[in-house]
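In UniProt numbering, the protein residues as written are 1 to 376.
Think of the CB as a built atom: it goes at the ideal place given N, C-alpha and C, for glycine as much as any other residue.
No experiment lies behind these values; they were computed from the predicted model shown.
Here's the structure we're looking at; comments come further down.
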């Protein structure tokens with residue numbers, strides 16, 4: 001009689017798809033000796049990482065995103081990446097033969113961990129170079145069980161009408177940037193569970209998830225099993241787990257932690273607190289109200305809030321809007337809505353219009369670079 005285990009192994013992937021081309025794992029292990037000559041830079045870097053992983057490399061250098069400061073190169077051990085992949089695989093019941101779409105930048109932890117999850121769980125990997133609508137690069141007949149998007153991609157795939165394809169998945173992660181309220185509303189049309197992630201390079205990707213849709217929608221992040229979180233004296237999140245080599249990681253993220261230590265509300269970054277006239281204003285709270293107001297006025301555009309030096313107040317709460325200057329009437333309507341919904345110290349005292357925001361290599365808003373450009 002045929003061996004069922006052997007038959008199952010025949011169905012497991014011995015190759016991956018990268019930008020529509022098949023690469024056998026046996027050949028990747030000998031990369032670049034057996035690689036095509038017409039690879040672009042991104043393809044070459046993806047194949048080089050997979051080669052290292054298949055050949056048992058034990059340490060990997062990863063760059064932080066640089067969204068709140070200069071990007072840094074940090075070293076993560078293989079066992080940290082394996083622990084993170086195992087935790088996500090168990091949570092979403094990902095296993096051999098499942099199909100994963102990898103469409104995040106694999107040079108940063110979000111995309112790289114998608115590769116690791118697929119390799120560790122023996123999944124079929126379809127990798128496409130990051131773009132707004134990655135599903136446009138894949139045949140309509142091809143379905144996937146799991147993927148991870150940045151918010152920009154979620155908007156694009158929904159606008160392109162891929163709802164039915166998405167609903168055939170087991171789960172979708174959204175990370176890399178804040179999920180705006182307007183996008184959360186769009187996500188409600190999906191039946192597939194969609195989760196926004198909380199994590200960082202230092203924790204080998206996410207350590208907590210928040211469900212965005214369905215009957216079990218969540219307003220706080222749920223800490224994954226095996227992760228220990230707490231607060232420091234500033235009220236900022238600390239993390240200790242196998243993904244940190246059991247070293248304590250202290251973040252600059254202000255949180256409200258549940259009594260059982262298994263969930264938390266993210267309040268904003270401590271370095272995004274604006275001290276105006278002795279009153280501390282959390283920039284992210286003002287940004288949420290600003291986004292809703294812009295949407296209501298049909299003025300949807302990227303925006304953020306930061307403090308600018310002020311002789312009298314110390315810092316002045318200022319809203320930075322991407323794109324052309326609003327009309328006087330539009331500015332007045334916007335300020336009226338903000339005044340109605342924010343405390344008086346939280347209301348931006350100025351609107352600054354920036355032709356185009358700066359972004360990091362991973363696609364995140366680069367606040368420091370944008371502010372340097374404006375204040376230049």
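Outcome for residue i when other beta-carbon atoms lying within 10 angstroms are tallied against a minimum of 16
i: residue 148; result: buried
i: residue 105; result: buried
i: residue 355; result: exposed
i: residue 1; result: Any reading at residue 1 must be qualified, since the residue scores a pLDDT of 46, below 50, and its modelled position is unreliable; the value itself is stated next. Exposed.
i: residue 237; result: buried
i: residue 28; result: buried
i: residue 37; result: exposed
i: residue 370; result: buried
Residue i to residue j span [Cα, whole Å]
i: residue 215; j: residue 190; result: 12 Å
i: residue 95; j: residue 208; result: 21 Å
i: residue 179; j: residue 23; result: 34 Å
i: residue 251; j: residue 267; result: 13 Å
i: residue 55; j: residue 14; result: 15 Å
i: residue 3; j: residue 115; result: The predicted model places residue 3 with a pLDDT of 47, which falls under 50 and marks its position as unreliable; any figure quoted below should be read in that light. Cα to Cα, residue 3 sits roughly 30 Å from residue 115.
i: residue 218; j: residue 287; result: 20 Å
i: residue 124; j: residue 194; result: 21 Å
i: residue 387; j: residue 307; result: Residue 387 cannot be examined here, being either before or after the span of the chain that is shown, 1 to 376.
i: residue 113; j: residue 78; result: 11 Å
i: residue 162; j: residue 131; result: 15 Å
i: residue 345; j: residue 280; result: 9 Å
i: residue 7; j: residue 135; result: Confidence is the limiting factor: at residue 7 the pLDDT is only 42, short of 50, which leaves the residue's position unreliable and the question unanswerable from this model.
i: residue 415; j: residue 196; result: Lying before the first or after the last residue shown, residue 415 is absent from the chain, which here runs from 1 to 376.
i: residue 330; j: residue 324; result: 12 Å
Candidates the options, of which the one nearest residue i by Cα
i: residue 228; options: 20, 307, 257 and 50; result: 257
i: residue 311; options: 275, 90 and 220; result: 275
i: residue 182; options: 272, 369, 301 and 344; result: 301
i: residue 143; options: 100, 107 and 194; result: 100
i: residue 364; options: 89, 110, 309 and 52; result: 110
i: residue 326; options: 299, 278, 337 and 343; result: 299
Residues near residue i in its chain [Cβ-Cβ closer than 6 Å; skip 5 each side]
i: residue 235; result: 254
i: residue 292; result: 181
i: residue 133; result: 156, 157 and 160
Residue i beta carbon near the ligand ADP (any heavy atom closer than 6 Å)
i: residue 207; result: As for the ligand ADP, it is missing from this structure, which has no ligand bound.
8 Å CB neighbourhood of residue i in its chain, flanking five on each side removed
i: residue 261; result: 223, 228, 229 and 230
i: residue 186; result: 154, 155 and 158
Nonlocal neighbours in the same chain, by C-beta distance under 7 Å from residue i, ignoring five residues either side
i: residue 184; result: 212
At least three beta-carbon pairs within less than 8 Å, the stretch 42-58 to the stretch 144-157: no
At least three beta-carbon pairs within less than 8 Å, the stretch 165-176 to the stretch 117-128: no
The stretch 312-325 / the stretch 342-362 touching (three or more Cβ pairs under 8 Å): yes
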